[in-house]
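Enquirer: Once you've had a glance at the structure underneath, I'll fire off some questions.
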Amino acid sequence: MIKLIKRISIAVMVCVGFGMGEGTMPAYAGLKVYDPYVVKGELELEARGNVDFDKDIEKDNLQKQKYALGYGVTNWWFTELYGEVEKERNDDGEDPDFSFTSLEFENKFQLTEKGKYPVDVGFLLEFEVSDEDKHANNLEWAILLDKSIGPIENIANLIMEHEVGGGHKNETEAGFAWSSRYRLGRFFEPGFEYHAEFGGVNEDKDFDEQEHRVGPAFYGKITKNIKYDIGYLFGVSAAAPENTLKWILEFEHHF
Amino acid sequence: MNLFLRNISIGLLMLVLLIVLPPVPSIAEEAGLRITIKDHKFSPAELIVPCDQKIKLVVENQDPTQEEFESYDLDREEVVDGNGKITVFIGPLKPGRYEYFGDFNQDTAQGTIVAQ
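Protein chains in written order, with the numbering used here: chain A, -7 to 247; chain B, 98 to 213.
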């Protein structure tokens, strides 16, 4: 219990420290469902992206890619630095090339030992520094929950985001992500994901004004060191893109 | 929306409290079964555990170098420092054989947990 309190305290201190940052960018769910686990000494190279498909040209072919380097500092703290590029339409509706949009500093804290309690718990803290003048910086935090029932692993992320720095909206946004997967074998685990962006906690958005996406996802290893995570999500609310392809590749090596 | 988020928050708080409260331990969990790593081998190489209850394993590394206790069958992956030890909670397991290995010395560090 003392270890748990210590981990939570450090997570909160890091959170408060980065809340002092300047600058800023609107919230965006990363379409990644985080498990709460950390492996000490693990170096990770990650590439991930998503592309939206929609009949509405304003929402079609929007893409985001992130590239990251991370390291498991202890058996309960993993830190990672992301660079993000984005392809979005400009104010004239043109379809420009990718441009660098932000740097993200992400920290994951494993708060409970795996399997000790009925549900495994972690905490994610991310600070995103925007490279775009039109966006504020963004502070995101999430509670990560994992519960395996037989061969089925279930992961839930409860996400909150808040803009900070110059030009920020004084609004905290809420999100949710879920993944269930059948642990068929280390190279192939079928499942599904659900991602929701509810909007601001003080807003009163209808379901169709929120973004809800759900669809099949597949996880596993390509080689001993390379993991994949690929999914195809269907928008189930009007505000969500009709279809989204998401993919994640992770190279892991222990030092 | 506010009501929805408030309910989610209260539910989450209760869930977290439930999680951090210590569970009632089973007999196997109280005792703690021991696996030792020496010369990059697990001992015992085959450990028999009771099925259908949570198991507390203490993995002690008597080598000066790190090892990683890894098992897809048990869904565990955890590093043990040289001359260190970790606690691994597994189960409840159905009757059967569950393979594990030391990721840094896979040629020699192999073991099996037999739940019965």
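For glycine and all other residues, C-beta sits at the position ideal for the given N, C-alpha and C.
Can you round the beta-carbon distance between Glu203(A) and Ala166(A) to whole angstroms, since I take them to be within the 8 Å contact cut?
Expert: Residue numbering aside, residue 203(A) sits at position 211 when the first sequence is read from its first letter. Residue numbering aside, residue 166(A) sits at position 174 when the first sequence is read from its first letter. That belief does not hold up - the Cβ atoms of Glu203(A) and Ala166(A) are roughly 12 Å apart, past 8 Å.
Enquirer: With a cut-off of 8 Å on the beta carbons, I'd call Lys79(A) and Leu54(A) a contact; round off their distance for me.
Expert: Position 87 of the first sequence, counted from the first residue, corresponds to residue 79(A). Position 62 of the first sequence, counted from the first residue, corresponds to residue 54(A). That belief holds up - the Cβ atoms of Lys79(A) and Leu54(A) are roughly 7 Å apart, short of 8 Å.
Enquirer: State the DSSP-derived secondary structure class of Phe168(A), mapped to helix, strand or coil.
Expert: Sequence index remark: in the first sequence, residue 168(A) carries index 176 (1-based). Of the three classes helix, strand and coil, the one that applies to Phe168(A) here is strand, per DSSP.
Enquirer: If Ser94(A) sits next to Ser122(A), beta carbons under 8 Å apart, how far is it from one beta carbon to the other, in whole angstroms?
Expert: Numbered from its first residue, the first sequence carries residue 94(A) at position 102. Numbered from its first residue, the first sequence carries residue 122(A) at position 130. The Cβ separation is near 5 Å, so the contact holds.
Enquirer: Could you list the residues in the segment 181 to 212 of chain B with a C-beta less than 9 Å from some C-beta on chain A, going in chain order?
Expert: Against chain A - using a Cβ distance shorter than 9 Å - the residues of the segment 181 to 212 of chain B are Ile183, Thr184, Val185, Phe186, Ile187, Gly188, Lys191, Asp200, Phe201.
Enquirer: Quick one: list the residues of chain B neighbouring Glu105(A), beta-carbon separation under 7 Å, in chain order.
Expert: Position 113 of the first sequence, counted from the first residue, corresponds to residue 105(A). Under the 7 Å cutoff, chain B gives Thr184, Phe186.
Enquirer: My output table needs one value for Asp200(A): the three-state DSSP class, helix, strand or coil.
Expert: Looking up residue 200(A) in the first sequence gives position 208. In this structure, Asp200(A) counts as helix in the three-state DSSP scheme.
Enquirer: Only counting runs of 3 or more residues, tell me where the beta strand (DSSP E) segments fall wholly within the segment 101 to 154 of chain A, in order along the chain.
Expert: List check, beta strand (DSSP E) in window: 112 to 122, 130 to 141.
Enquirer: Please report how far the alpha carbon of Gln203(B) lies from the alpha carbon of Phe210(A), in whole angstroms.
Expert: Along the second sequence, read from residue 1 onward, the residue named residue 203(B) stands at position 106. Along the first sequence, read from residue 1 onward, the residue named residue 210(A) stands at position 218. Straight-line Cα distance between these residues: approximately 27 Å.
Enquirer: Who does Phe45(A) pair with in a DSSP beta bridge?
Expert: Position 53 of the first sequence, counted from the first residue, corresponds to residue 45(A). Beta-bridge pairing links Phe45(A) to Asn235(A).
Enquirer: Quick check: Glu242(A) and Glu36(A), are their CB atoms within less than 8 Å of each other?
Expert: Numbered from 1 along the first sequence, position 250 holds the residue referred to as residue 242(A). Numbered from 1 along the first sequence, position 44 holds the residue referred to as residue 36(A). Contact flag set, yes.
Enquirer: Should the segment 137 to 152 of chain B be called in touch with the segment 61 to 73 of chain A, which here means at least 3 C-beta pairs below 8 Å?
Expert: Cβ pair count under 8 Å is below three, so no.
Enquirer: State the Cα-Cα distance for the pair Asp178(B) and Ile49(A), rounded to the nearest angstrom.
Expert: Position 81 of the second sequence, counted from the first residue, corresponds to residue 178(B). Position 57 of the first sequence, counted from the first residue, corresponds to residue 49(A). Approximately 54 Å, taken between the alpha carbons.
Enquirer: Considering only the beta carbon of each residue, do Pro208(A) and Tyr174(A) sit closer than 8 Å?
Expert: Reading the first sequence from its first residue, position 216 is the one you call residue 208(A). Reading the first sequence from its first residue, position 182 is the one you call residue 174(A). No, these two residues do not count as a Cβ contact at 8 Å.
Enquirer: Quick one: which chain A residues come within Cβ less than 9 Å of Arg173(B)?
Expert: Within the second sequence, residue 173(B) is the residue found at index 76, counting from 1. Result: Lys106, Gly107.
Enquirer: Which chain B residues are close to His303(A), counting only those with a beta carbon under 9 Å from its beta carbon?
Expert: One cannot answer for residue 303(A) here, as it falls past the ends of chain A, which runs -7 to 247.
Enquirer: Looking at the strands, I want to know which residues DSSP matches up with Lys138(B).
Expert: Numbered from its first residue, the second sequence carries residue 138(B) at position 41. In the DSSP output, where bridge partners are listed per residue, Lys138(B) has Lys135(B).
Enquirer: If you drop the 5 nearest sequence neighbours on each side, which residues of the same chain put their C-beta closer than 6 Å to that of Tyr195(B)?
Expert: As a working note, residue 195(B) is residue 98 in the second sequence. These residues qualify, in order along the chain: Asp170, Leu171, Ile210.
Enquirer: Run through DSSP, which three-state label would Lys219(A) get?
Expert: Position 227 of the first sequence, counting from 1, holds the residue named residue 219(A). Here Lys219(A) sits in strand by DSSP.
Enquirer: Looking only at its chain, what residues have a beta carbon closer than 6 Å to the beta carbon of Tyr59(A), apart from the 5 residues adjacent to it on each side?
Expert: Here residue 59(A) refers to the residue found at position 67 when the first sequence is read from its first residue. Excluding sequence neighbours, Tyr59(A) sits near Ala39, Gly75.
Enquirer: Indicate whether at least one CB of chain B lies closer than 8 Å to the CB of Lys32(A).
Expert: On the first sequence, residue 32(A) is found 40 positions in, with the first residue counted as 1. Output row for Lys32(A): interface = yes.
Enquirer: For Asp27(A), which option in Ile218(A), Glu153(A), Asn149(A), Glu163(A) has the closest C-alpha, if you only look at C-alpha atoms?
Expert: Indexing the first sequence from 1 puts residue 27(A) at position 35. If we check each option's Cα against that of Asp27(A), Asn149(A) comes out closest.
Enquirer: For Glu165(B), is the classification buried or exposed, using 16 other Cβ atoms within 10 angstroms of its Cβ as the cut-off for buried?
Expert: As a working note, residue 165(B) is residue 68 in the second sequence. Classification of Glu165(B): buried, given that the 10 Å Cβ count is 16 or more.
Enquirer: Excluding the 5 residues flanking His154(A) on each side, which residues of the same chain have their C-beta closer than 6 Å to its C-beta?
Expert: Translated into the one-based positions of the first sequence, residue 154(A) becomes position 162. Result list for His154(A): Leu131, Thr164, in chain order.
Enquirer: Need the endpoints of the beta strand (DSSP E) that Leu144(B) sits in, please.
Expert: Numbered from its first residue, the second sequence carries residue 144(B) at position 47. That run of the beta strand (DSSP E) goes 143 to 146.
Enquirer: What would DSSP say about Trp68(A), mapped onto helix, strand or coil?
Expert: Here the question's residue 68(A) lines up with position 76 in the first sequence. Trp68(A) falls in the coil class under three-state DSSP.
Enquirer: Let me see if you follow: with CB-CB separation under 8 Å, is Pro233(A) close to chain B or not?
Expert: Locating residue 233(A) in the first sequence gives position 241, where the first residue counts as 1. Cβ-Cβ to chain B under 8 Å: no for Pro233(A).
Enquirer: The beta strand (DSSP E) spanning Thr209(B) covers which residue range?
Expert: Here residue 209(B) refers to the residue found at position 112 of the second sequence. Per DSSP, Thr209(B) belongs to the beta strand (DSSP E) from 207 to 212.
Enquirer: What's the C-alpha gap between Val193(A) and Met152(A)?
Expert: Position 201 of the first sequence, counted from the first residue, corresponds to residue 193(A). Position 160 of the first sequence, counted from the first residue, corresponds to residue 152(A). Approximately 9 Å, taken between the alpha carbons.
Enquirer: What residues are listed by DSSP as bridge partners for Ile187(B)?
Expert: For the purposes of this step, residue 187(B) is taken as the residue at position 90 of the second sequence. For Ile187(B), which the question treats as bridged, DSSP gives the partners Ile152(B).
Enquirer: Determine the chain B residues that contact Ser140(A) at a beta-carbon separation under 9 Å, and present them in chain order.
Expert: Position 148 of the first sequence holds residue 140(A). Asp172, listed in chain order.
Enquirer: Look up His245(A) in the DSSP assignment and give the residues it is bridged to.
Expert: Here residue 245(A) refers to the residue found at position 253 of the first sequence. Answer is Leu35(A), bridged to His245(A).
Enquirer: Kindly say whether Arg173(A), judged by its beta-carbon, lies nearer than 8 Å to any beta-carbon of chain B.
Expert: The residue given as residue 173(A) occupies position 181 in the first sequence. No, its Cβ sits nowhere closer than 8 Å to a Cβ of chain B.
Enquirer: I need the straight-line Cα distance from Glu174(B) to Ala230(A), nearest angstrom please.
Expert: Along the second sequence, one-based indexing puts residue 174(B) at 77. Along the first sequence, one-based indexing puts residue 230(A) at 238. Straight-line Cα distance between these residues: approximately 41 Å.
Enquirer: Could you check whether Glu105(A) and Glu120(A) sit closer than 8 Å to each other, using their CB atoms as the reference points?
Expert: Your numbering for residue 120(A) matches position 128 in the first sequence. Your numbering for residue 105(A) matches position 113 in the first sequence. No; because the gap between Cβ atoms is not below 8 Å, this pair is not in contact.
Enquirer: Go through its chain and collect everything with a Cβ distance to Lys135(B)'s Cβ below 7 Å, but skip five positions before and after it.
Expert: As a working note, residue 135(B) is residue 38 in the second sequence. Only Gln159, Asp160 meet the Cβ criterion.
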